[in-house]
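K.L.:
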């Protein structure tokens, strides 16, 4: 890892200046350095998973398939799903920005368990290497959902190795969640009451609860899957006494809350971006904070909406449908509150706010299409079609990835001490919004027309929309490479950011940029609510 | 029609029309709920941008009434649609008693359909228009899903279990039939044609399609060949329940439960006879697992169904 050149005094005494050797990074217990380690790791995983996406979109340029065999296509979308979900989306915001910012935001020197934090990174990387080895050495063709008995009795490929890697990485999630919960409870600075916590911290707290409660269920499920595949223990395959639907219940009991693991941190980011962009206190603080907790709670009770046509009882389907509509309410409350926050604000359309607004737009479309999927009679038609693919990409890419990039554009000056060119930031935000809609909106139409997902070949009447989608993906590719380029450029050439380039409230902006090794020279004392705009600043000459 | 582009999927039934109405109505609601957010967010961002001299006094920090309103009103609107969608979904739950039953066996990567008269077809399903049709489906290997886009219906097809789907197709024509649950290598070509015909055309098609006798007849042959009739037959002296008049009726079990003798019960009784033993009988029946295919099982079911109401007699070939 190349340490950025440390030109200013702040940079030399910062956490970045506290040692340049590889060892000083790989054995660090500083939450900020561990955040950087995570950032590097997940960026690599994102790039690998994006190759899977590129193969998919190239293949679907023509009805007969362009470049891959059926076997190759099945392996490509499995790689894309597995790596994106478990090695990018789930750790993306919590393990990088959460790790970096939670101690800074609550006025702590570090997380509660710094060595556990480093251990979680190693566990994550080991899980990632095991998974990648298996996905590249031979691949898996089950899809990221591993439905039984396909995955246990029929699929070829390295299913056991991949689920081992995922299970290992799961422990990293559990440790991170645990670390955040304890940190928020025990390490808040004097005066940092629960009612003064930034909403970013609230949403990470809610996320951590899900991480700790849901991830063990995934581990259990994958162990049972492995036991059936390796030892022929009849759990899921009916020919040896199992129940094929049991797997789906267990899998979605984790994997639906996992969607909230991906989206809640992004919502926390957006709360910060919108308030800072409007220079105004958030509208309805407690409603936004409690909405995170409500989503985390009710999110555990909606897994059956993945199974309306699985053979599950239709009465269970009706209850899951109702609860799925209910879980949308707190999300809607957040969107309305963010909108109201802009009212009478002092709005600056810098890249962070643009990304925040892109999030709101895409998340709203994705969320409302989720309500359509929650309606029994509509789901019966569009289940397992591209409509579902479009829906969850609006949430996970339009939502979670926009949140991630928004966070990167907002806190980059804090993390590196350097500003990036704002014009390019605005351009990339616009390109992402455009490219994203071009890629995924046609997929809603494809789904309603009846194109099932996971098809390497398709009927010719679906070609025009597939080509449109692939064209959008190429715009999206440019839009993702752009920030990578100007962020890297800014490490050497960006102007020094100063402690608070956005005039934002929040304890993290009271430290120098980049922050010193132990965050605060003196433990800060908090005497005001979060987002206490306008900032009262001492006149320069006094 | 432009071969590269399709604007709207064909509607082959009243149910499909109703699902489309629901979908369009909900889309309208979606736009109605989203448009204010987009307009206001863009509007506020521009109107209140820094440097503009506009009134920013008395900026609100929250508003109980507003929060309550935007929590409850969208939820109530969603509930209306919950009821609407539920009504459509449950309308598809219980098939009419006189529905024509067609058996479906899915396997990697083909669909096999069997009509009551014994006509078999692969990757093509012919049905009469205007008549209720019930599909009883099972899989020989992994989970598949029968997707009939023109009817806006799909149902997963599971190994080891019967799932069913019923519909009334109204408009004769040739439509798509696809597998929508990922089932491995050739998932995307596990597809075929769904042919809705006028009842007259359908009977003509049945005549033309070859048959080795009705499913019930074939089941009867198998019933004898497997030795079932040795114990269950009318001349049997062994203590085994008679099977006439059983199908579709309640059966008392020796553990006190009462179950309905449906397709699943018959299937499980053949494969796992010790699991649910009829009250008053010793659990002496051997399992036939491994000796009968899914097709054999469906034929046996058809035979038992044919003697479910009528007194025992040989079914018509």
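Protein chains in written order, with this note's numbering: chain A, 15 to 556; chain B, 52 to 368.
Don't be surprised by glycine CBs; every beta carbon is placed ideally from N, CA and C.
Among residues of its own chain, excluding the 5 on either side of residue 225 (chain B), which ones have a beta-carbon nearer than 6 angstroms to its beta-carbon?
P.N.:
For the purposes of this step, residue 225 (chain B) is taken as residue 174 along the second chain, with counting starting at 1. For residue 225 (chain B), where only same-chain residues beyond five positions count, the Cβ hits under 6 angstroms are 244, 246.
K.L.:
Since I believe residue 168 (chain B) is in contact with residue 262 (chain B) (beta carbons under 8 angstroms), could you give me their beta-carbon distance rounded to a whole number of angstroms?
P.N.:
For the purposes of this step, residue 262 (chain B) is taken as residue 211 along the second chain, with counting starting at 1. For the purposes of this step, residue 168 (chain B) is taken as residue 117 along the second chain, with counting starting at 1. At roughly 6 angstroms, the Cβ-Cβ gap stays under 8 angstroms, so residue 262 (chain B) and residue 168 (chain B) are in contact.
K.L.:
Measuring CA to CA, which of B:137, B:214, B:136, B:101 is closest to residue 157 (chain B)?
P.N.:
Walking along the second chain from the start, residue 157 (chain B) turns up at place 106. Among B:137, B:214, B:136, B:101, the Cα nearest to that of residue 157 (chain B) is on B:214.
K.L.:
Would you identify the three-state DSSP class for residue 106 (chain A), choosing helix, strand or coil?
P.N.:
If you number the first chain from 1, residue 106 (chain A) lands on position 92. It is helical.
K.L.:
Quick one: Cα of residue 419 (chain A) to Cα of residue 161 (chain A), how far?
P.N.:
As a working note, residue 419 (chain A) is residue 405 in the first chain. As a working note, residue 161 (chain A) is residue 147 in the first chain. If I take the Cα positions, the gap works out to 32 angstroms.
K.L.:
Kindly indicate which residue of B:55, B:125, B:273, B:300 has the alpha-carbon position closest to the one of residue 85 (chain B).
P.N.:
In the second chain, counting from the first residue as 1, residue 85 (chain B) sits at position 34. Ranking B:55, B:125, B:273, B:300 by Cα distance to residue 85 (chain B) puts B:125 first.
K.L.:
At 3 residues or longer, what runs of the beta strand (DSSP E) sit wholly inside the stretch 61–130 of chain A?
P.N.:
Segments of the beta strand (DSSP E) lying fully in the stretch 61–130 of chain A: there are none.
K.L.:
So what does DSSP say about residue 226 (chain B), is it helix, strand or coil?
P.N.:
Within the second chain, numbered from 1, the residue matching residue 226 (chain B) stands at position 175. Of the three classes helix, strand and coil, the one that applies to residue 226 (chain B) here is strand, per DSSP.
K.L.:
For the stretch 209–237 of chain B, which residues have a beta carbon sitting closer than 8 angstroms to at least one beta carbon of chain A?
P.N.:
Result list: 209, 210, 211, 212, 214, 227, 229, 230, 231, 232, 233, 234, 235, 236, 237.
K.L.:
Taking one C-beta from the stretch 202–214 of chain A and one from the stretch 134–153 of chain A each time, how about it: are there three or more such pairs within less than 8 angstroms?
P.N.:
Touching, no, given that fewer than three Cβ pairs across the two stretches are closer than 8 angstroms.
K.L.:
What residues in the stretch 407–423 of chain A bring their beta carbon closer than 8 angstroms to a beta carbon of chain B?
P.N.:
The residues in question: there are none.
K.L.:
Tell me the DSSP secondary structure of residue 327 (chain A) in three-state form.
P.N.:
On the first chain, residue 327 (chain A) is found 313 positions in, with the first residue counted as 1. It is coil, neither helix nor strand.
K.L.:
Among the candidates B:271, B:338, B:222, B:205, whose CA atom is the shortest distance from the CA of residue 398 (chain A)?
P.N.:
Against the first chain, residue 398 (chain A) aligns to sequence position 384. Residue 398 (chain A) has its Cα closest to that of B:205, out of B:271, B:338, B:222, B:205.
K.L.:
Measure the alpha-carbon distance for residue 354 (chain A) versus residue 83 (chain B) and round it to whole angstroms.
P.N.:
Counted from its first residue, the first chain places residue 354 (chain A) at position 340. Counted from its first residue, the second chain places residue 83 (chain B) at position 32. Distance between the alpha carbons of residue 354 (chain A) and residue 83 (chain B) is about 18 angstroms.
K.L.:
Quick check: residue 345 (chain B) and residue 269 (chain B), are their CB atoms within less than 8 angstroms of each other?
P.N.:
By one-based count along the second chain, residue 345 (chain B) stands at place 294. By one-based count along the second chain, residue 269 (chain B) stands at place 218. Not closer than 8 angstroms, so no.
K.L.:
Could you check the C-alpha separation between residue 361 (chain A) and residue 370 (chain A) for me, to the nearest Å?
P.N.:
By one-based count along the first chain, residue 361 (chain A) stands at place 347. By one-based count along the first chain, residue 370 (chain A) stands at place 356. Roughly 13 angstroms between the two C-alpha positions.
K.L.:
Taking contact to mean 3 or more Cβ pairs, one atom from each stretch, closer than 8 angstroms, check whether the stretch 148–166 of chain A and the stretch 183–197 of chain A are in contact.
P.N.:
No, they do not touch.
K.L.:
Which chain A residues are close to residue 92 (chain B), counting only those with a beta carbon under 7 angstroms from its beta carbon?
P.N.:
Here residue 92 (chain B) refers to the residue found at position 41 of the second chain. Those within 7 angstroms of residue 92 (chain B) in chain A are 353, 356, 371, 374.
K.L.:
Anything in the stretch 181–207 of chain B with a Cβ closer than 7 angstroms to a Cβ of chain A? List those residues in chain order, please.
P.N.:
Here the close residues are 192, 193, 194, 196, 198, 200, 203, 204, 205, 206, 207.
K.L.:
Which stretch, first to last residue, makes up the alpha helix (DSSP H) that contains residue 188 (chain B)?
P.N.:
The residue you call residue 188 (chain B) lines up with position 137 of the second chain. From DSSP, residue 188 (chain B) is part of no alpha helix (DSSP H) but of the beta strand (DSSP E) over 184–190.
K.L.:
Looking at the unbroken beta strand (DSSP E) that takes in residue 173 (chain B), where does it start and where does it end?
P.N.:
For the purposes of this step, residue 173 (chain B) is taken as residue 122 along the second chain, with counting starting at 1. Looking at the DSSP string, the run of the beta strand (DSSP E) that includes residue 173 (chain B) is 171–173.
K.L.:
Report yes if the C-beta distance between residue 187 (chain B) and residue 197 (chain B) is below 8 angstroms; otherwise report no.
P.N.:
Your numbering for residue 187 (chain B) matches position 136 in the second chain. Your numbering for residue 197 (chain B) matches position 146 in the second chain. Going by C-beta atoms, residue 187 (chain B) is not nearer than 8 angstroms to residue 197 (chain B).
K.L.:
Listed in chain order, which residues of the stretch 454–488 of chain A have Cβ atoms closer than 8 angstroms to some Cβ of chain D?
P.N.:
As a matter of chain content, chain D is missing from the structure shown, whose protein chains are A and B.
K.L.:
CA-CA distance, residue 461 (chain A) and residue 402 (chain A)?
P.N.:
The residue labelled residue 461 (chain A) in the question sits at position 447 within the first chain. The residue labelled residue 402 (chain A) in the question sits at position 388 within the first chain. Cα to Cα, residue 461 (chain A) sits roughly 7 angstroms from residue 402 (chain A).
K.L.:
Assign residue 262 (chain A) to one of two classes, buried (16 or more other C-beta atoms within 10 Å of its C-beta) or exposed (fewer than that).
P.N.:
Here the question's residue 262 (chain A) lines up with position 248 in the first chain. Buried is the call here.
K.L.:
Answer with yes or no whether the minimum CB distance from residue 57 (chain B) to chain A is below 8 angstroms.
P.N.:
Within the second chain, the letter at position 6 stands for residue 57 (chain B). So, interface residue.
K.L.:
In this structure, what does DSSP give as the bridge partners for residue 245 (chain B)?
P.N.:
On the second chain, residue 245 (chain B) is found 194 positions in, with the first residue counted as 1. B:176, B:226, per the DSSP bridge assignment.
K.L.:
CB residue 377 (chain A) to CB residue 325 (chain A), shorter than 8 angstroms?
P.N.:
On the first chain, position 363 is the one that residue 377 (chain A) refers to. On the first chain, position 311 is the one that residue 325 (chain A) refers to. No, the Cβ-Cβ distance between residue 377 (chain A) and residue 325 (chain A) is not below 8 angstroms.
K.L.:
When the Cα of residue 106 (chain A) is compared with those of A:120, A:83, A:57, which residue comes out closest?
P.N.:
The residue labelled residue 106 (chain A) in the question sits at position 92 within the first chain. When each option's Cα is compared against that of residue 106 (chain A), the closest is A:57.
K.L.:
Is the shortest distance between the beta-carbon of residue 240 (chain A) and the beta-carbons of chain B less than 8 angstroms?
P.N.:
Locating residue 240 (chain A) in the first chain gives position 226, counting from the first residue. Not closer than 8 angstroms to any Cβ of chain B, the Cβ of residue 240 (chain A) fails to qualify, so no.
K.L.:
Below 8 angstroms, how does it come out for the stretch 325–342 of chain B and the stretch 283–299 of chain B: are there three or more Cβ pairs, yes or no?
P.N.:
These segments touch.
K.L.:
Going by CA-CA distance only, name the one from A:109, A:65, A:347, A:392 that's closest to residue 89 (chain A).
P.N.:
By 1-based counting over the first chain, the position of residue 89 (chain A) is 75. Considering only alpha carbons, the answer is A:65.
K.L.:
Tell me which residue opens and which closes the beta strand (DSSP E) that residue 546 (chain A) is part of.
P.N.:
For the purposes of this step, residue 546 (chain A) is taken as residue 532 along the first chain, with counting starting at 1. First-last for residue 546 (chain A): undefined, no H or E at that position.
K.L.:
Just list the residues that DSSP pairs residue 62 (chain B) with in beta bridges.
P.N.:
In the second chain, the residue the question calls residue 62 (chain B) occupies position 11. DSSP, once it has assigned bridges, lists no residue as partnering residue 62 (chain B).
K.L.:
Exposed or buried, what is residue 356 (chain B) when buried is set at 16 or more other beta-carbons lying within 10 Å of its beta-carbon?
P.N.:
Within the second chain, the letter at position 305 stands for residue 356 (chain B). Counting Cβ neighbours within 10 Å, residue 356 (chain B) comes out buried, since at least 16 surround it.
K.L.:
Taking the C-alpha atoms as reference points, what is the distance between residue 236 (chain B) and residue 192 (chain B)?
P.N.:
By 1-based counting over the second chain, the position of residue 236 (chain B) is 185. By 1-based counting over the second chain, the position of residue 192 (chain B) is 141. About 13 angstroms.
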